[in-house]
Structures are given as structure tokens and as C-alpha cells.
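In what follows, a structure is listed as C-alpha cells, so that the remarks can point back to it.
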Amino acid sequence: AHKYQSSFDDSFTIKIYLFQFVNFYSSLFYVAFFKGRFFEYPSRYGSGLGDFTEQCDPAGCLIELCIQLIIFMIGKQLINNAIEFFSAIFRTCTKTQTNLKQWEIDYYLNDFDSMTLFDEYLEMIIQFGFVTLFVCAFPLAPLFALINNVIEVRLDAWKFLSKYKRPVAFKAADIGIWITIMSGISYLAVLTNAFVIAYTSEFIPKTVYRSTQMDSTSLVGYVRWTLSAFNISDYSNSTKPEANTNVTVCYYRDWRQTEYPHEHTLTYWEVTAVRLAFIVVFEHVVYFTVYLMQWIIPDVPKKIQEKIDYENYIAQQVRWTSSTIKTQLKNAVKATAVVSDMNRIMTADSNLTESQKDDKNDNTRTPHSTDEISMMRYKN
């Protein structure tokens, strides 16, 4: 159980976003990092991990990833805006009746509850993930997001003003857990883009190939360099081609030896080492740049922070002074009470007669002899 409503809202938001994260991004992660990774070589068809023999397009998985992003950034967002537009009209039309006064029409408007803004935030965060996580696969994604958001702003303004009841405003320090989610997506986007560039795209293999050629700008022979030869005679009876042809060698995308057991060649390990080095350098450079910009451009300017610290110091001094004054007042009240008691006693003593003073002295004097004790008992 959650002690505060804010902690419940944060927990609920994280759970819903994690569900939507898997729902929206799982296909993109599969295409970018898993599709075609389990294939080994032709004779492994139908055995072990060779069952997962789905391969990318001959141009690579990057083009498939780009197509999926285009479908979402253009097609899916237009569909979502259309659904959002017509659903608001439909919900209002089903409640509204004819010949009603304005206040009655307002009564039948859609309720503006906490989940209304929640859905709007969630939609923007999902879009932010599509724009940042795989931006290197589709660099035009931020442009289409901007166009969509310009339309979205006007659509939401019309919807909230004409189709929803007026919400009750309340103060909030920030947007809550959403800012933490966006920060996490930003840091994750650095890693995903680094892996997409290194493993999904052909950037690293082409760079390595150019470094081995006399002409570093030419890619002549690159396709053949990325292929490995496989002897048809190495096929098992269950996997060999059914058609009888004169072909003795086939080619597939990998860096493996032609002879059995088809181990990886030195080129494969060179490309892998360059890929890992690129990931490490890329993410360190980006993270360093981010931290440097955060230090150069802080969230709160230095002068403003100094004024805030000064105001906090003054407030602390006021609290300390007020507590000191309260203590002094309490001590003064106690001292005044003691002085008042002493003055009252002295005033009472000054009003006594001489005989009363003698009796008082006799009563207060300590007896020292037996006769005095007997005399006091006699008086009493």
C-alpha cells in the first residue's frame, strides 16, 4: 500500500509506461538487434538456433527499421489524431440533447479527470521514445514529430475548450515522474543508437573495408568482401537443395571459413573489435558532452541560486531569532513572576505591626532550650 497519493501515481505511471514500452518498441528492438543474428551457416538450417533463420533484407535490417519508424511517425500518428478528434465529438454528441440551456449543455460535456492528462503525457512520451531511441535509422523522425505536435496542440486546445468541462487547477512543482522517465529514455537512446550504428548499419564494416584498400574512398568489391563461400557438398542430406544443379559453391553474408567447421575468420574479429570500440567511444563522448552542457548551462542560473541561498539564510536567521526571542520572553515572564511574589511578601511584611513582627519572629525562631519549647507549647 502507498502512503501518499503521489507515490501511488508514480508507481502507476511507471507500470503503465513499461507495458506500453514493450508494446510499442519490442518490434523495433527485434528488427534492430535480434533479427538475423541466430543464423550461422547454410548447413545449420533446421538444427538448434538454426530454426530461427529469419533473415533481414539484402540491404540490411536498417532499412526495415526505417520503414517501421516511417509507418508510426506518419501513418499511426495521423490515425491517432483522427481517433482522438472524432471520439471527443462522438462522446459529446451522445450526451447532448436538443433545446437545452447553455449550462445544461456544459453539464453534459466530457469530464476532465486525472486520466485525461495522463493519456496526453503518455502519448508524448511514447513519441519521444520513437524520436530518440532509433533516430539514426530515420533522421527525419524529429521533423515529422514537430509537424504532428503543431497539429496536436491546436487539436487539444479545441478539444479541451469545447468538448470538456473546465478543469480545476492546482499547483504542481513539476510534471512528476514523467521527467524521470524522459531522462531515462535519453540515456537509453545513447546506447541504442550506438548499437544501431555499430551492429545494424553497415557503417563499421564499410569503414574497416576502406582502411584495407589503397583507395579509401572506394567501395568496389565491398559486397563480395562481406560474403563467405560454402561448398554445396557440405550440406547434410536433410538440408541439401532438392534441385540438381552444377553449382558447387554458394555465398552468404558472414565472415566464415569455407572449410568445415566454418569458424569465424580474422576479419570477423577485426570488425567486432572495431564495433565494440566505437560503442565505448561513442557513448563516452555523448555522455561527457551532456554532462559538460549541464555544467555550463545549469537548470538554475548562478545569480538566481545565490539569491535563493540568501533568502534561505535570511529565513533561517528569522527562525533562529524568533526562537531565541521566545526563550527570552519565557525567562522574563518567570523572572517577573518571582519579583512580583517577592514584592507581595515585602509589602505584606511592611504592613505588620511591631507586636505582629515580634510574634512572627518568635514563631519563626528555632527554640534552643527545654523551657522555650514548653513555653511555645503553652502558647499554642
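Numbering (the UniProt record's numbering), first residue to last: 1 to 380. Note that CB positions come from ideal geometry on N, CA and C, so glycine has one too. Note that the structure is predicted; figures quoted are calculated from it, not measured.
Taking the Cα positions, ILE14 is about 29 angstroms away from LYS163.
Boundaries for TYR30: no beta strand (DSSP E) harbours it, and the DSSP string shows neither H nor E there. Following the DSSP letters along the chain, one finds LEU100 in no alpha helix (DSSP H), marked with neither H nor E.
Scanning the region 249-302 for uninterrupted beta strand (DSSP E) segments of 3 residues or longer gives 249-253, listed from N- to C-terminal end. Annotation: ILE325 to TRP178 spans about 45 angstroms, alpha carbon to alpha carbon. For SER183, the enclosing alpha helix (DSSP H) has its first and last residue at 177-195. DSSP places PHE230 in the uninterrupted beta strand (DSSP E) bounded by 227-231. Contact between ILE204 and VAL271 is confirmed by a C-beta separation of about 6 angstroms, below the 8 angstroms threshold. Two segments are said to touch when three or more pairs of C-beta atoms, one from each, lie closer than 8 angstroms; by this definition the region 73-88 does not touch the region 227-234. Sequence-distant partners of ILE126 (beyond 5 residues in either direction) whose C-beta falls short of 7 angstroms from its own C-beta, in its chain, are GLN20 and PHE24. Contact between CYS61 and LYS35 holds, since their C-beta atoms are separated by about 6 angstroms, short of 8 angstroms.
A direct Cα-to-Cα measurement between ALA137 and ASP119 gives close to 27 angstroms.
Taking the Cβ atoms as the reference, ASN81 lies roughly 6 angstroms from LEU155, within the contact range of under 8 angstroms.
For ASN148, the uninterrupted alpha helix (DSSP H) segment begins and ends at 141-162. Boundaries of the alpha helix (DSSP H) around ILE125: 114-133. For VAL208, the enclosing alpha helix (DSSP H) has its first and last residue at 203-211. In the three-state scheme derived from DSSP, where H, G and I count as helix and E and B as strand, ASN312 is classed as helix. Looking at the DSSP output, ASN110 bridges to TYR164. If you look at ILE71, you'll find it isn't in any alpha helix (DSSP H); DSSP assigns it neither H nor E. Distance between GLU123 and TRP103, taken at the CA atoms: about 32 angstroms.
Within the same chain, SER27, LEU28 and VAL31 come within 8 angstroms of GLN68 by CB-CB distance, once the 5 residues on both sides are set aside.
Cα atoms of LEU78 and ILE70: separation of roughly 12 angstroms, rounded to the nearest angstrom. Relative to GLU64, the option among PHE33, ILE83, PRO42 and GLU84 whose CA is nearest is PHE33. With respect to TYR291, VAL190 sits apart: the two C-beta atoms are not nearer than 8 angstroms. Closest option to TYR108, judged by alpha-carbon separation, among PHE128, THR132, ILE74 and ARG166: ARG166. ASN246 counts as exposed, since fewer than 16 other C-beta atoms from the protein chains shown sit within 10 angstroms of its C-beta. Taking C-alpha positions only, VAL22 is separated from GLY129 by approximately 12 angstroms.
The residues ASP254, TRP255 and ARG256, in chain order, have a CB closer than 8 angstroms to that of TYR268 in the same chain once the five nearest residues on each side in sequence are set aside. A residue is called buried once 16 or more other Cβ atoms fall within 10 Å of its Cβ, and VAL168, having fewer, is exposed. Here the alpha carbon of PRO58 sits roughly 33 angstroms from the alpha carbon of LEU18.
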